[in-house]
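Trainee: Structure in structure tokens, see below.
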Amino acid sequence: MGGTTVRGFAGRAVLAGMAWFVASLLALPLAAQGDLPRPRMEQPSPPPGPSTDGTLVLEWSVGDLDESELRARGARFELEELHDDDAPMVLDVGGHLATSLSGRDDGRYRYRVRAVGADGSRGEFSAPVERVVAHHPLGLALGLFAVGAVVFVATAGVVLVGHRRARATDVAREQEVGA
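Using the working numbering, the letters of the sequence shown map in sequence onto residues 85 to 263.
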């Protein structure tokens with residue numbers, strides 16, 4: 085006595101219908117991946133000036149879709165970075181609609197982004213945006229470091245002198261009381 089078996093034409097028709105339904109549900113994400121919309125890079129308002137610390141924040145949107153809808157489709161994003169005249173570098177930035185990049189050298193950077201489906205299909209790149217990195221001059225950085233060092237030494241000196249004077253005053257009072 086095994087499990088239940090399906091007999092007759094009606095039972096097979098029900099099984100075939102269920103199989104078709106399950107296959108349709110499984111194919112929905114694949115059908116949605118083929119029409120990856122083109123992302124649009126967001127321009128902050130007002131436009132950012134040059135980055136003085138080598139950090140850049142980039143944001144983009146994909147039509148009316150939010151991150152949860154994109155995640156349901158299995159989409160992720162590739163960011164292409166072009167620095168001055170170097171060869172472009174492609175970074176996989178995951179399924180988020182923004183990224184922060186740090187450690188960039190001085191120069192002009194151009195970025196564009198595209199969606200990548202779960203099946204590996206790639207959409208069109210967005211229009212490029214440009215960002216500039218111009219670190220503070222070394223002379224300014226060394227000057228500020230020197231000012232900080234002077235303030236530190238002066239503060240430490242005031243604390244040490246104050247501590248010694250307070251201790252000397254306490255010792256003198258103890259001697260007066262004890263005499």
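Beta carbons: idealized from backbone N, C-alpha and C, even for Gly.
#1: Alanine 159 to aspartate 148, Cα distance in whole Å?
#2: Rounded to whole angstroms, what is the Cα-Cα separation between glycine 241 and aspartate 254?
#3: Taking DSSP as the reference, what is the three-state secondary structure of leucine 140?
#4: Could you give the C-beta distance for serine 145 and proline 123, rounded to a whole number, given that I count them as a contact under 8 Å?
#5: Provide the residue(s) that pair with glutamate 162 in DSSP beta bridges, ordered along the chain.
#6: Suppose you measure from the CA of leucine 140 to the CA of histidine 219; what does that come to, to the nearest Å?
#7: Helix, strand or coil for alanine 171? Go by DSSP, reduced to three states.
#8: Between alanine 156 and glutamate 162, what straight-line distance do the alpha-carbon atoms span, to the nearest angstrom?
#9: Mark glycine 178 as exposed unless 16 or more other C-beta atoms lie within 10 angstroms of its C-beta, in which case mark it buried.
#10: What three-state label does DSSP hand glycine 191 in the structure shown?
#11: Taking the runs of the beta strand (DSSP E) that are 3 residues or longer, which of them lie wholly in the stretch 203-255?
#12: To the nearest angstrom, how far is the alpha carbon of aspartate 168 from that of leucine 120?
#13: Ignore the nearest five residues each way along the sequence and tell me which others in methionine 85's own chain have a CB closer than 6 Å to its CB.
#14: List the whole-angstrom C-beta distance separating methionine 125 from tyrosine 195, where the pair is believed to meet the contact cut-off of C-beta under 8 Å.
#15: Do the CB positions of arginine 198 and arginine 206 come within less than 8 Å of each other?
Mentor: Reading off the structure:
#1: 15 Å
#2: 20 Å
#3: strand
#4: 7 Å
#5: Asp176, Arg198
#6: 12 Å
#7: coil
#8: 18 Å
#9: exposed
#10: strand
#11: 213-217
#12: 29 Å
#13: Its pLDDT being 49, under 50, methionine 85 is placed unreliably in this model, and the coordinates cannot settle the point.
#14: 7 Å
#15: yes
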